[in-house]
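One structure below.
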Amino acid sequence: MLRIECPFCGPRPETEFHCAGDADRRRPQSDAGDATWADYLYVRANPKGLHRERWVHSAGCGQWFVVERDTVSHAILNATPLAHATGIHEE
Amino acid sequence: MSAWRQDHGGALIDRDRPLRWRWAGRELKGFAGDTVASALLASGEMLAARSFKYHRPRGLIGAGLEEPNVLVQLGSGAHTVPNLKATAIPLEDGLAASPVNCWPSLRRDLLALNGLVKPFLPAAFYYKTFKWPDWHLFEPLIRRAAGLGRAPAEPDPDFYEHGYERCELLVIGGGRAGLSEALALARQGRDVVIAEAEPFWGGHRKGAGAQADADLDALVDELAALPNVRMWERTLVFGAYDHLSFGLRQQLGTAGDGLPRERLIHLRCTEAVLASGAIERPLLFSGNDRPGIMLASAGEAYLLRQAIVPGQRIGFAVNNDRGWESALAFLQRGIRPAFVLDSRPDPQGEAVEAVRQTGVAVHLGTQVDTARGKGCLRAVRTRCPDGECAFACDALLVSGGFNPVVNLHSQAAGKLAWDDELATFVPDKAGTSGLRAVGRAAGDGLPPVPPIAVPDPEDRRAGSIFVDYQNDVTMRDVALAARESFSAVEHLKRYTTLGMATDQGKTSNVIGLAVMGRLTGRSPGEVGTTRFRPPYDPVTVGAFAGEACGDRLDMPRRLPAHARHVDLGALMMDYGTFLRPAAYPLPGETLEAAIEREVRAVREGVGLFDGSPLGKIEVHGPDAAVFMDRCCVGTMSTLAAGRCRYTLFTSETGIIIDDGVCVHKPDGSFILGTSSGGRQRVFAQLEEYLQCEWSHLAVTLVDVSDQWAVLTLAGAQARAVLDRCGVEIEISPDALPHLGFAEGFFAGRPIRISRVSYSGEVSFEVACHADLADRLAGRLLDIGAERGIVPFGIEALDVLRVEKGFLHVGNETDGTTMPQDVGFAGPLLRKRADFIGRRGASMPVGQAPGRKQLVGLESRDGRKLPVGAHVRIPGGKGSDGWVTSSVLSPTIGRPHALAMIADGRSRMGEEIALWDLGTDNGGCEYPARIIEPCGFDPEGARMRDAA
Chain A
1 MLRIECPFCG
11 PRPETEFHCA
21 GDADRRRPQS
31 DAGDATWADY
41 LYVRANPKGL
51 HRERWVHSAG
61 CGQWFVVERD
71 TVSHAILNAT
81 PLAHATGIHE
91 E
Chain B
1001 MSAWRQDHGG
1011 ALIDRDRPLR
1021 WRWAGRELKG
1031 FAGDTVASAL
1041 LASGEMLAAR
1051 SFKYHRPRGL
1061 IGAGLEEPNV
1071 LVQLGSGAHT
1081 VPNLKATAIP
1091 LEDGLAASPV
1101 NCWPSLRRDL
1111 LALNGLVKPF
1121 LPAAFYYKTF
1131 KWPDWHLFEP
1141 LIRRAAGLGR
1151 APAEPDPDFY
1161 EHGYERCELL
1171 VIGGGRAGLS
1181 EALALARQGR
1191 DVVIAEAEPF
1201 WGGHRKGAGA
1211 QADADLDALV
1221 DELAALPNVR
1231 MWERTLVFGA
1241 YDHLSFGLRQ
1251 QLGTAGDGLP
1261 RERLIHLRCT
1271 EAVLASGAIE
1281 RPLLFSGNDR
1291 PGIMLASAGE
1301 AYLLRQAIVP
1311 GQRIGFAVNN
1321 DRGWESALAF
1331 LQRGIRPAFV
1341 LDSRPDPQGE
1351 AVEAVRQTGV
1361 AVHLGTQVDT
1371 ARGKGCLRAV
1381 RTRCPDGECA
1391 FACDALLVSG
1401 GFNPVVNLHS
1411 QAAGKLAWDD
1421 ELATFVPDKA
1431 GTSGLRAVGR
1441 AAGDGLPPVP
1451 PIAVPDPEDR
1461 RAGSIFVDYQ
1471 NDVTMRDVAL
1481 AARESFSAVE
1491 HLKRYTTLGM
1501 ATDQGKTSNV
1511 IGLAVMGRLT
1521 GRSPGEVGTT
1531 RFRPPYDPVT
1541 VGAFAGEACG
1551 DRLDMPRRLP
1561 AHARHVDLGA
1571 LMMDYGTFLR
1581 PAAYPLPGET
1591 LEAAIEREVR
1601 AVREGVGLFD
1611 GSPLGKIEVH
1621 GPDAAVFMDR
1631 CCVGTMSTLA
1641 AGRCRYTLFT
1651 SETGIIIDDG
1661 VCVHKPDGSF
1671 ILGTSSGGRQ
1681 RVFAQLEEYL
1691 QCEWSHLAVT
1701 LVDVSDQWAV
1711 LTLAGAQARA
1721 VLDRCGVEIE
1731 ISPDALPHLG
1741 FAEGFFAGRP
1751 IRISRVSYSG
1761 EVSFEVACHA
1771 DLADRLAGRL
1781 LDIGAERGIV
1791 PFGIEALDVL
1801 RVEKGFLHVG
1811 NETDGTTMPQ
1821 DVGFAGPLLR
1831 KRADFIGRRG
1841 ASMPVGQAPG
1851 RKQLVGLESR
1861 DGRKLPVGAH
1871 VRIPGGKGSD
1881 GWVTSSVLSP
1891 TIGRPHALAM
1901 IADGRSRMGE
1911 EIALWDLGTD
1921 NGGCEYPARI
1931 IEPCGFDPEG
1941 ARMRDAA
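Below, the structure is given as structure tokens:
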């Protein structure tokens, strides 16, 4: 039962959250090739050690934030609000 | 020759409270403070169990949770519990227990014949035998012969609870080390919880002597008086989890006193102390499982706690000073051991001296070689410097050293270190687990021992030298595992099942890996331990469920107008999260007849449906239209104000996750509609992209699904009914056409009307505030009565939509279905804006030939086509698709079905054969023909007021 410090609500048990995996993937442009999109959709690293992950406090404030967690010891180093995310470029 | 009880002593028993209980149908006696184990010994029941595989006669070897042999069936009927350790059951008046795994009795167990075929049943024999001609022939026999105990056949009548606790300091174990540590920190004002699995405090020192007991009592009294200390006995910490969270099993009431039987406590602390003590190791010799052979610490515990003496002629076989202290404890209580054997040639300790001075026969440098006796112990043969000797005895107390109880430390990812002096694993000092070990759990106060003595593995008696008692694993089995290259410790465990029983190897793990080490030239430290996993001792399944059972496991929600539906005679059923009307059968009407009647009523007149669970997500802000385009498959930015549009929703991989109708309100905002079941996953996806991907868009989302009820009027008479209900909205075909939207008032409260049709008839989805639902429904039914209005349920709506070929996400779609498979290829092509799933749907897999596509099916022989029936590939193997929805259509007058079939759109008119498993699993075929999904009014004229 991980103890996660939501940047907005404080420390809460992991059952209040949902994890969406790697925080550093960037959504490719829609005209990027199949290989780029396949990589974005399906391929994940599985690092032993520090991992930056996106979590959402679904049973609380509903905000997304980034957690740095050690996948071996489960120690959580920090939890920070999202920096301004990049997305689709304006046409 | 058997165990007996002294007429004085016993720190835990109350001789003023005698109890009567039943064992295997016979009435026996005991005292309050006995366990079933100590009461068995007091009655001289040395033969108390039959082993799992070979049905060998067994007796108690332990006094606590480490007991591997004597498992019992407690109670009967609904309250019966199988496979409880006799050592862990407090004796109560009227208790009934029986042995497991023997028939017809312990003494005459027919399955002991297994012992004759023992050479053919080594470890992992079932991987190599019982194959020819067919494994399934042997399976029922083996299942009957295997296993222990009987599971109850009735639901558990007891109830269980979950507790949630926090503290600063958790002390695991209420022996002297734990209590002392707790007191030191409690005096500093820390908030302390002490958890002790036994019903008494003091651990192995309980009853050790008047002074020791007085000290213990003083310690307990001082702790109990402190307001910042909680003392929980009968509470086992069974699991250590992340970030200093723990699972605790608290045993509470007995039947009928109104308390939960067990409480499962989720506890989090800021500091944890492991004071779980240590468990003694048995010795390896031929016949080391005879009844009468017991751990020295267990013999001592029964003596101190319940005044039990294990036999008439008691021998000791030890390799450490603590074993001599056990012998001394017997001498101090007037019981003279017949002999003490020590494998060490020259032990020097205080207890050794004290025992020797009493003149007890002592043999040094001597190890037990064989235990003799048929059914129970009669003598031991030894190897000593002078050759071989035999010693008569009916009880042998053995001590091979001690293993600290490190399970929780290891569960919390703590590392272990092999200690050569103690010949055991101790928690490392680096604090890797977050638990701080104290006392014997840390190895403090444990006696030094020589290396674990492993008899010659080539010895022909290796098959009678037991390593794991509960699973009947012998040295021969470990040698077999080594020969077959299963020498890694995790392989050793799985191949031989050593350490996999209810005792989880508490007396066998370390010995087992020492044997494997000897066979493969490694020290036990090099062999290592297997991963420890919770629970430390079995926890009742009901305790994990807690209150979440029966109706409370998955409580369905109620519609705002629930009471009205019940009044109307609805058959309420659980549809996903909500309790909804399946249909409204009239008295004496079958469900099928009700559904048909409701379908006809909607097609021929007017019906009323409660669609309140539909998802409604308001999208506000200047960028609302842009955001809608990015989240929907359909284009929403071109939707005129006051209009609705149907759309699919896809995940980034292009897979359909939901569908719904969206509304563009006159004020510029949108209402994004989802299905009743999909609202949470769609809302979560919208929020994720808004926060993580497109945070620069000025958009706010509000989920108002629960705030708005929806009542749908459908049928040719729908407008006539709505017109006279006092709804302040213009609803003529021109003012509010199909796919139009309007807002207004009813009874002074705001309402919204969407012209959306899932039935294919003229349809008004009227949304009002949830608290108004009953009143509005009542009004519509009253006014509609003269038009023959009929309330209709989910089943009728399903028939209506299947007749129209409208998909239902989850029926026609699965985890592979993309928009182009269900007729959305056109909108996909025409849409300019990027959206979630756009690129995913255009990946090669989404464009490949042979993708399953939505079609209709006509039954060629008049039978209703079974959902899930597969399309046979003519002359080939495998399936071309399957039937997804199927109804008997009163409207069309014959069965109509929908299916997903490979390349279905280009196979219109094709005759196919469907194959279904059938009710008798025999399989049957149905002839069918591929047709358009819509079987009625393909132009949609009826719902567009154009019929």
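Those protein sequences? They're chains A and B, same order as listed. Counting from 1, position 80 in the first sequence corresponds to residue 80 in the working numbering; the numbering is continuous, with no gaps. So the number in the working numbering is just where the residue sits in the second sequence, counting from 1, plus 1000. The beta-carbon is built from N, C-alpha and C at its ideal position, and this holds for glycine as well.
{"Item": "Status (buried if at least 16 other CB within 10 Å, exposed otherwise) for B/P1844", "Value": "exposed"}
{"Item": "7 Å CB neighbourhood of B/D1629 in its chain, flanking five on each side removed", "Value": "T1635, M1636, S1637, A1833 and F1835"}
{"Item": "Rounded C-alpha distance that separates B/E1786 from B/S1732", "Value": "20 Å"}
{"Item": "Reference B/A1714; option with closest CA among B/F1746, B/S1889 and B/S1754", "Value": "B/S1754"}
{"Item": "Extent of the continuous beta strand (DSSP E) run through B/S1297", "Value": "No beta strand (DSSP E) contains B/S1297, which is instead part of the alpha helix (DSSP H) from A1296 to Q1306."}
{"Item": "Within-9 Å CB hit, B/Y1241 to chain A", "Value": "yes"}
{"Item": "Burial state of B/I1617 (16 or more Cβ within 10 Å)", "Value": "buried"}
{"Item": "Backbone CA spacing between B/G1935 and B/E1592 [nearest angstrom]", "Value": "20 Å"}
{"Item": "Identity of the residues DSSP links to B/R1150 by a beta bridge", "Value": "Bridge partners of B/R1150: none, in fact."}
{"Item": "Sequence ranges, beta strand (DSSP E) only - wholly within the stretch 1142 to 1211 of chain B, length at least 3", "Value": "1160 to 1172 and 1192 to 1195"}
{"Item": "Cβ pair B/V1721, B/G1660 closer than 9 Å", "Value": "no"}
{"Item": "Anticipated Cβ contact below 8 Å, B/A1718 with B/V1762, distance rounded", "Value": "5 Å"}
{"Item": "Three-state secondary structure assigned by DSSP to B/V1220", "Value": "helix"}
{"Item": "Beta-carbon separation (whole angstroms), B/A1841 vs B/P1819, contact threshold 8 Å", "Value": "6 Å"}
{"Item": "Start-to-end residues for the alpha helix (DSSP H) that takes in B/N1509", "Value": "N1509 to T1520"}
{"Item": "Segment contact, 8 Å Cβ cut-off, at least three pairs: the stretch 1225 to 1244 of chain B with the stretch 1400 to 1412 of chain B", "Value": "yes"}
{"Item": "Sequence ranges, beta strand (DSSP E) only - wholly within the stretch 1567 to 1625 of chain B, length at least 3", "Value": "1571 to 1575, 1578 to 1583, 1607 to 1610 and 1615 to 1620"}
{"Item": "Span of the alpha helix (DSSP H) around B/M1231", "Value": "Premise fails: B/M1231 lies in the beta strand (DSSP E), V1229 to W1232, not in any alpha helix (DSSP H)."}
{"Item": "Residue-chain proximity (A/P7, chain B), Cβ-Cβ < 9 Å", "Value": "no"}
{"Item": "Cut-off 8 Å between Cβ atoms - residues of its own chain near B/E1589, not counting five sequence neighbours on either side", "Value": "R1597"}
{"Item": "B/I1061, DSSP secondary structure in three states", "Value": "coil"}
{"Item": "Within-9 Å CB hit, A/A59 to chain B", "Value": "no"}
{"Item": "Under 7 Å by beta carbon: chain B residues contacting A/S62", "Value": "Sequence inspection shows Gly at residue 62 of chain A; the Ser mentioned does not correspond to that position. Correct list: E1687."}
{"Item": "Best match in B/A1096, B/I1089, B/R1600 and B/I1061 for proximity to B/S1076 [C-alpha to C-alpha]", "Value": "B/A1096"}
{"Item": "Neighbour-count burial assignment, A/A83, 16 or more Cβ in a 10 Å radius", "Value": "exposed"}
{"Item": "Simplified DSSP state of B/S1676, which is helix, strand or coil", "Value": "coil"}
{"Item": "Distance between B/V1802 and B/T1712 (C-alpha atoms, nearest Å)", "Value": "18 Å"}
{"Item": "For B/T1884, the three-state DSSP class (helix, strand or coil)", "Value": "strand"}
{"Item": "Euclidean distance between Cα positions of B/Q1073 and B/R1058", "Value": "16 Å"}
{"Item": "B/M1231: contacting residues in chain A (beta-carbon distance under 7 Å)", "Value": "What B/M1231 touches in chain A: nothing, since even the nearest Cβ is about 24 Å away."}
{"Item": "B/E1154 and B/E1198 closer than 9 Å at C-beta", "Value": "no"}
{"Item": "CB contact check: A/L50 to chain B, cutoff 9 Å", "Value": "no"}
{"Item": "Secondary structure of B/F1052, DSSP reduced to three states", "Value": "coil"}
{"Item": "Boundaries of the alpha helix (DSSP H) in which B/T1650 is found, first to last residue", "Value": "Here B/T1650 belongs to no alpha helix (DSSP H); instead the beta strand (DSSP E) covers R1643 to T1650."}
{"Item": "B/P1099, enclosing alpha helix (DSSP H) - first and last residue", "Value": "B/P1099 -> not in any alpha helix (DSSP H); beta strand (DSSP E) instead, spanning A1096 to P1099."}
{"Item": "The stretch 1802 to 1813 of chain B contacting the stretch 1876 to 1886 of chain B, beta-carbon criterion three pairs below 8 Å", "Value": "yes"}
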